[in-house]
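This report concerns only the one structure given below.
In this note's numbering, the protein residues as written are 153 to 600.
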């Protein structure tokens, strides 16, 4: 029995859930902002608030330190910093939220990449006393690199600069100019005091010159336009199901999560990288047969032809299949302590497929101060952002990251110990990025 399932309205999906990340330099007040957001929106349980008040009293503080609501690790509380990404889930009557509070220290920039990789909005904090600093520019660059569609500049600690409009305007202009050059499509600047609660949830009586939304109001109303169902349809195969039982002697299905787009029974698909074609004869979801399935559903797809398909293969509509290549050009954020060097042997993980690869070139490294490209650096070290050319042992079907965040991204991994070296975004990412030149030399012993 086939159950016809209608695709959900993108408008409905856009108003139900927002994934966002917070970022900023050290001591800009990220954790305090998140704590204030949770506290003033009444998203904190009584026992959580009581625990925070108890710890705060033990430190001799009269008011509760709201940063403790997110800084959960003992080391974070002792040092007064954020070390790891803290995920928080909360809701208001208008929208549900998944929040990633990311560290501010430069050595933890890699954690922001993790937190912002699935975010639809990034809140970048700036201390009103210090203005835009290098780490602010780094976080703006990461947000642009990861194609986060909405960026909020929260100019914090306005109470310490006497709520002066000129201070806010100067910082907002500098940041907006810089982020626009990176290609960030939408930037909203909001003056706040996370400690006092100004313009976080409630409008500030101290800044009557500001007529824009509070942070929460903007989070509740920003249009979330990144709709996976509108992207190119892609289905990475995770597992081949062959029960070979008396009840299902000939059943062969390909299980996985739809990365983007939608698939329909009767649709012709192409299996990549082999290029073989077939037709979808059935889609099984939650134990039932359906006519259509869309991202991010986990389903099993059945095909008309008995084709050699295994984990790591990609199914795509025949009329909209990505190109297959062994040469990958990408922008990467290096996240490991050990450097990434030209000639290095790595593993490249793309969706469910992992292949051997060699770093053929590192054409440039981004200089954050002026957005210039430092040519031929030879290597990338922790937290560097740069261009790379990689040659893979087997063909891959990558989309441009600008077209699909899910199937245009990949990881470079150390084959010796499994350490993640870099997070990569295929194709051009920055508005100012220049195309890298192709390489043609193979390393001895890795002849591909």
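Beta carbons are placed, not taken as given, at the ideal position from N, Cα and C, and that holds for glycine. Note that the structure is a prediction, hence the values are computed from the model and not measured.
Contact between residue 313 and residue 331 is absent: CB atoms are separated by about 22 Å, not below the 8 Å threshold. Ranked by how close their Cα comes to the Cα of residue 464, the residues 445, 504, 477 and 342 have 504 in first place. Residue 314 carries a coil assignment under DSSP once its states are collapsed to helix, strand and coil. 385 is the residue among 385, 286, 249 and 247 whose C-alpha sits nearest the C-alpha of residue 560.
In this structure the segment 169–184 touches the segment 290–308; the number of beta carbon pairs closer than 8 Å is three or more. The beta carbon of residue 349 sits closer than 7 Å to the beta carbons of 188 and 192 from its chain, once the five residues preceding and following it are set aside; these are given in chain order. For the pair residue 534 and residue 496, the Cα-to-Cα distance works out to about 16 Å.
Taking C-beta atoms as the reference points, residue 451 and residue 432 fail to come closer than 8 Å. Residue 580 is classed as buried because its beta carbon has at least 16 other beta carbons within 10 Å across all chains shown. Looking at the DSSP output, residue 438 shares a beta bridge with no other residue. In terms of CA proximity to residue 387, 445 leads the group 354, 445, 369 and 439. When DSSP states are grouped into helix, strand and coil, residue 271 belongs to the coil group.
When secondary structure is reduced to three states using DSSP, residue 390 falls in the coil class, being assigned neither helix nor strand. For residue 308, the beta-bridge partners assigned by DSSP are 279. In this structure, the beta-carbon distance from residue 507 to residue 542 does not fall below 8 Å. Of the residues 498, 422, 556 and 438, the one whose Cα lies closest to the Cα of residue 413 is 556. Spanning the alpha carbons of residue 425 and residue 502 requires a straight line of approximately 13 Å. The three-state secondary structure of residue 330, taken from DSSP, is helix. Minimum Cα-Cα distance from residue 334 among the listed residues 537, 354, 394 and 475 corresponds to 537. Within 10 angstroms of the beta-carbon of residue 241 lie fewer than 16 other beta-carbons, which makes it exposed. Residue 531 is bridged by DSSP to 493.
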